[in-house]
Structure formats: structure tokens, C-alpha cells
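The structure appears below as C-alpha cells.
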Amino acid sequence: METLQKLEILSSAAKYDVSCSSSGSSRMNTPGGIGNAAKAGICHSFTEDGRCISLLKVLFTNSCKYDCAYCINRRSNDIPRAAFTVKELVDITINFYRRNYIEGLFLSSGVVKSADYTMERLANVAKQLRLEHKFNGYIHLKAIPGASPELIHMAGLYADRLSVNIEIPSEPNLQLLAPEKDFQSVLNPMGLIKTGIEQSREERRIMRKSPVFTPAGQSTQLIIGATPDSDRQILTLASGLYTQKSLKRVYYSGYNPTNLYDKRLPALAAPPLRRENRLYQADWLLRFYQFGVNEIVNDTNPDLDLEIDPKLGYALRNPHLFPIDVNRADYHMLLRIPGVGVKSAKMILAARKFRRLNSANLQKIGVVMKRAQYFITCNELPAASVQDLSPERVRSILTMSERRKQLPDAVQLGLWG
Amino acid sequence: MLEYQYDGTFPGLLTAIFDAFNRKEQPDAILRPGAQGLLFASVYAVETSEEKADRVWAGIKRVGGNTTCEHLYHAFLSLDEQVEMAIFSYSKHLFACNAPVMTDLAHPDVLKVHKLDRMVLREAHRVLMFLRFEQAADGTYFAPFAPQYDVIPLVIGHFKSRFADQSWIIYDTKRGYGFYFNTQTIEQITIENPTFGSATGKLRQGTEHPDEDKWHELWRSYFKHISIAERKNLTLQRNFMPKRFWKYLTEKRL
Ligand code: SF4
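If you're matching them up, the sequences are chains A and B in order. The first sequence: position 330 = 330 (my numbering), numbered continuously. Add 1000 to a position in the second sequence, counting from 1, and you land on the number used in my numbering.
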């Protein structure tokens, strides 16, 4: 089969893995080598669905011995199958890289023969790129559940990032859709990777030249909407992965109706993009805004409000915390003001050392005053706050102006990458 | 009304600042050649002096540190209409406080410089994102680009460490100059008889490497197949990747 045809098949087959990030690693170029990693990552293009292309994201092969209900590559699907040779993959990666098309490679695969057999192939591509071609660009490899610790360790020595996808957010639903899999088989490699990272960090503290192990850490992906799991279940799982497994990223992938013949799957008309977007926002609250899961979702609100973002939702449920004085409040509280992002919170802290800030200053710094005005006091007469107006009133004012904008998933801007 | 005229260079502007301090004057405008002058203003013509410029620059560095210097220089590259006065007032504020002021964002000129700095850096970052190399028949990788601001010099270091084992040319087609890297050193060049089309910068037929078409085809095919049709959102795509860059993009160019 021609390389072009393989690339078509094996990139189409990889597109549902939403991660394309090239961030988190600052690998340097070596003498006579090619490439380096940019800590913040670089997007090189954007697909027609508006997602960043940073890496060459392909499967090694789309043949698979498993039959997971939600996957286009499942063995019972009658589709063209292909497999790259190591040389083909290396060639494409290097030549794309030299033209500044990509930051590197994200290689995943269906499971052929055995987990070890597959893992070894993936690790070998990375090894060849690093050792024979002195390639120092970004490499993200999929860790195959069930692969031996040695192979996962080898992969981690050459990769910048490893990931194992959980896909289905709860054990019983995973059992239903992928009876051949279980949570433990996914959590095991995550544990191995975590230990590898910690060990290498420890060794490098003592000997600076010790090898790095997946400097950009590990990530995973959860499919949203293929199962009845609530946002609370999903976010609790994510939060546990961040704190206990030290994951760098959890990706949420709105279920794209595939394999419609399989009656275990819901009949969705379209992928649940809005919900996916709200989950990303909630995820940001967990990672950058010092929120706990229970502040975002709880018994009374197990699912995120699709109409308003989760931070506004929190503020409207807790009007007694507002208005907040932007000239006094600490970072933690500034971050809770709707309309104030991480950047503007930091700018407020820095700027107010020089002088007291008024609403015009805030506006110019980048605070979205249209939202923030109900939740703050600053250096002037206070406007009507959420306490004066009632949460319901503020909610209806803000959702009205939101609806007028009608930008599909506008908030998603800036969340990818 | 007092109007300073300078030669449009950065040392020229620094000289203007020096002179204003020295003459204890507060100009109402500092104008580069071609800028719209003030009515009935008295004009002072600044004569660029490396020595004066160096002294101002050293002063800014001493009080504000390297970061302040970078902010001011990046802001200058924006060629914004008010950038000269913003840099002048910023410097006055800096020297009056005798401490870095870059986070005094409620000060209008500090904020202005801050915003222009960001804007220029965003454009520089877009060069990293959207620049594309094509390999020429002799093996050199060629990349044309026409950034909105003169930012190619800011990103050359990135390409030098990344593509250290290939010879390349990055050429600013709008400003008519570029940089050539021969895998050892970088030199600034001007191309007299271009073998690339002036609109897209694409190498002319016959001057590109025989394999080049193959890689274009593979990349375009990848670009197409990695997209999810059910999630199509062209507005989002255009927000991230403004149309003005499409002419350089192998995957978007017709
Ligand atoms: S193991 Fe992976 S590739 Fe194979 S069917 Fe399941 S999800 Fe798809």
C-alpha cells in the first residue's frame, strides 16, 4: 500500500484522540541533531473543526484484537486496515518537522498480537527517532494497557509524554461497552509512569545527567456522553487523577456517534460539544483556579449547567461571598470573580501595588466588566451587586447577552492546546 | 505646541528622549518621517546620536532591567501611531519612580506599552506557528513570510537552535530582507532576483526539490483526514488561523 493511502487511513483512525498538545517539555537540541521542544507548545495549523494541529497524530496500525463498542477500529468493523513501517513513520515525521509543519509525533495504535508486541513497536519508533536520527522534537506515545513494565519504561525514556486513555468514566459502564477491559488495566500503567517520573526526578536531583523520563508527564482522555455517567462522576475521577496520579491533563472528548448498529450506545444526533466545553472549563477551575470538585458539582447539582459557565454557576450559588473588593482580596478570592481570569487576577495584584484600581482600569487590564460588575467593589461608588439584584436576576441578564452573541462554543477559544 | 521630528529608527527615538530631558522640554508629539504633523507647532529636528541613544538605553536598563528594555523595544516595533509618546512618557515615569514600573498597569502609558509588547510578541509567535519551509533543488529550506511587524529578527534564534542541521533562508517578503543559515552561522541577506513568486513566496516550478511535491501532498492529506466532519467549525478555525496567513500554508494554499 502507498504511504499516502496509509496516512489517510491511520490519521482518520487517530482523529478521535483529542490531545494534540506539545507542551510541557523543554528538551534541547543536541549537537548535529534536529529539533527541540518549546515549553509552551506551538500549534502549527487548525483543522476545519477548529482544533490545533501541533503533532503528527497517527496510529501505528488500526488493526485491533479488541472490540470496544465506541471505537471505529474495533475488530468487528469491516474497514480498510493498514500499518506503517517504522521507516515510513520516521521519514514522515522528520520531513514534516523540517518544513515546520509539526512539533513532533503523537503515536498511538490498535492492539495487535499482544500488548507487549504493540508497545514494543511504538517504543521502537521513538527510539529510532531519538538515537538514529537525533530527533529532539516532541514525542507523545500511547502506553498500551497490559504491556510489561520494562517496555513502558523504555517508552518513557524516549517520549516526552505518555498517555493511557480511560475513555469510559466509570467501571460498570466500561464493563458494559468494553467487556475485555477493566479500570485496573488502565490504572496500572499510569502508576508505573508516575513512579518512573518520580524516580527520574529524584535521580536527577543527585546526578544532573541521569536520563529524563517523560518530562511532559502523562495525560488521559474520557469520552463524554457515550454513557450515562454524570459530570460529578467525571470531574471526581479527573480530580483524583490530577492529585493521586499527578496527571498533567485530562481530555474530554464529546462522543461522536459511531458504530450506530451497536445498541449499547446512545443514539445521539451530534457530539455533545456544549457539555464537553463546560467540562473543560470546570477542569480549568480544578487546575488553575483553586476550586475543589464539590464547589463545582455536588449532590444537588450533579451535572454542569449548560447555559452558564461553572465559575459563574458557583458565584450565583454563593452570593454571600460577593461583592469582592478587588483592591484588597487575595489571589484565591480574585480568581473566584466571574470575568476575572488567571492573567487578570495576577495583573490586578501587581497593578494595585502602585495605585488603587477603578473600574476603567480593570476594564483595560482585561477584566470582563460585563460579568464582573455584579461581583466586585472597586475604588468608586459600588454598582448593584449580586446581593442587591438576586442571583436569578444576574443570571438572566448574563444569559441573555450570552445568547445574543450566538457564537458556537466561543468560550472554547483558548482552551485547546 | 512643540513637535520633535526624528528619523524613525529606535536609536533616533532614544536620542529624542535624551534631548527632551536635556532641554527640559515636553514635546507634544514625536514624529517619524511621513507622520502627520501638528498644526502651528514649532519643530525641533532630532539628530540621531548613537552616544545619546546608548546613554538613555543604559539608564532604562539600570532602572528597569532587561525586561523593561525588551518591552519598550517590542512596543516600538508595532509602529503604532502613539508609540513614541508612550515610550517617552513611560521613560519619564520610570526615571521619576527610579524603579521598574512595568506592572503599574493603571498608568496609561505603561498599559499602552504593555499592550503593544503583547501584540508584537503575538505576531512573532505566529511566525513560529505558520512559517513553512520548502526545500529548494540545492537542498536549502526556504521560508517566505510577511509579518505585520518587523519581528523576524526576534524569532531567528528559535529556528537556529531547532533546525541546526539544515541550511535555511527565512525571508521577509514585505520588507525585502531575510536571514540565511548555512548550518554554522547566520547572515542577513537581500535577494536581488527572487526565484519565488512575490505574492505567496512559493518557489517557482523547477526550482524546488524533486521530493517537495510528495511532502506537500502527504501534509495536505493529513490535514484533511485529521479533522472531524461532525465538529466542523470554520469560524473557530479562522479565529485561530486568520486568513492573512493562508497564503504561506501548504495545507491551505491553492
Ligand atoms: S483497544 Fe483501543 S483501538 Fe482497540 S478497539 Fe479498543 S479502543 Fe479501539
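Heads up, the beta-carbon is just placed ideally off N, CA and C, and yes, glycines get one too.
Check: Arg161(A): first and last residue of the uninterrupted beta strand (DSSP E) it sits in; Outcome: Arg161 to Ser163
Check: Limits of the unbroken beta strand (DSSP E) element including Leu260(A); Outcome: Run containing Leu260(A): none; DSSP gives neither H nor E here.
Check: Distance between beta carbons of Cys52(A) and Cys20(A), contact taken as under 8 Å; Outcome: 6 Å
Check: Runs of beta strand (DSSP E) wholly within the region 1178-1215 of chain B (minimum 3 residues, chain order); Outcome: 1186-1189
Check: Arg74(A): CB within 7 Å of a non-hydrogen atom of ligand 1; Outcome: yes
Check: Neighbour-count burial assignment, His332(A), 16 or more Cβ in a 10 Å radius; Outcome: exposed
Check: Of the residues Gly1065(B), Asn1066(B) and Ala1086(B), the one placed nearest Ala1075(B), counting alpha carbons only; Outcome: Ala1086(B)
Check: For Lys6(A), three-class secondary structure by DSSP; Outcome: helix
Check: Residues of its chain near Tyr1004(B), where Cβ-Cβ distance is below 6 Å and the 5 sequence neighbours each way are ignored; Outcome: Ala1016, Pro1027, Ile1030, Tyr1044 and Val1046
Check: 8 Å Cβ cutoff met for Val250(A) and Thr220(A); Outcome: yes
Check: Any chain A beta carbon closer than 8 Å to Tyr1248(B); Outcome: no
Check: Sequence ranges, beta strand (DSSP E) only - wholly within the region 1060-1118 of chain B, length at least 3; Outcome: none
Check: Extent of the continuous beta strand (DSSP E) run through Ala1045(B); Outcome: Ser1042 to Ala1045
Check: Exposure of Glu2(A), with buried meaning 16 or more beta-carbon neighbours within 10 Å; Outcome: exposed
Check: For Thr377(A) and Pro323(A), believed in contact at Cβ under 8 Å, the rounded distance; Outcome: 5 Å
Check: Tyr66(A) beta carbon near ligand 1 (any heavy atom closer than 7 Å); Outcome: yes
Check: Cβ-Cβ distance between Ile9(A) and Leu56(A) below 8 Å; Outcome: no
Check: Euclidean distance between Cα positions of Lys1247(B) and Phe1088(B); Outcome: 38 Å
Check: The region 364-373 of chain A touching the region 335-343 of chain A, judged by at least three CB pairs closer than 8 Å; Outcome: yes
Check: Reduced DSSP category for Ile479(A) - H, G, I as helix; E, B as strand; rest coil; Outcome: An answer regarding residue 479(A) cannot be provided, because it is not within the stretch 1 to 417 covered by chain A.
Check: Beta-carbon gap between Ala472(A) and Thr61(A) smaller than 8 Å; Outcome: Since the first and last residues shown for chain A are 1 and 417, residue 472(A) lies out of range.
Check: Boundaries (first-last residue) of the beta strand (DSSP E) holding Val250(A); Outcome: Arg249 to Gly254
Check: Residues in the region 1080-1095 of chain B having any Cβ partner in chain A nearer than 8 Å; Outcome: none
Check: Any non-hydrogen atom of ligand 1 closer than 7 Å to Ala1157(B) Cβ; Outcome: For the record, residue 1157(B) in the displayed sequence is Gly; it is not Ala. Checking the Cβ of Gly1157(B) against ligand 1 gives no.
Check: With 16 other Cβ atoms within 10 Å as the buried cut-off, status of Tyr97(A); Outcome: buried
Check: Distance cut-off 7 Å: Gly32(A) Cβ against heavy atoms of ligand 1; Outcome: no
Check: Rounded C-alpha distance that separates Lys364(A) from Leu1094(B); Outcome: 21 Å
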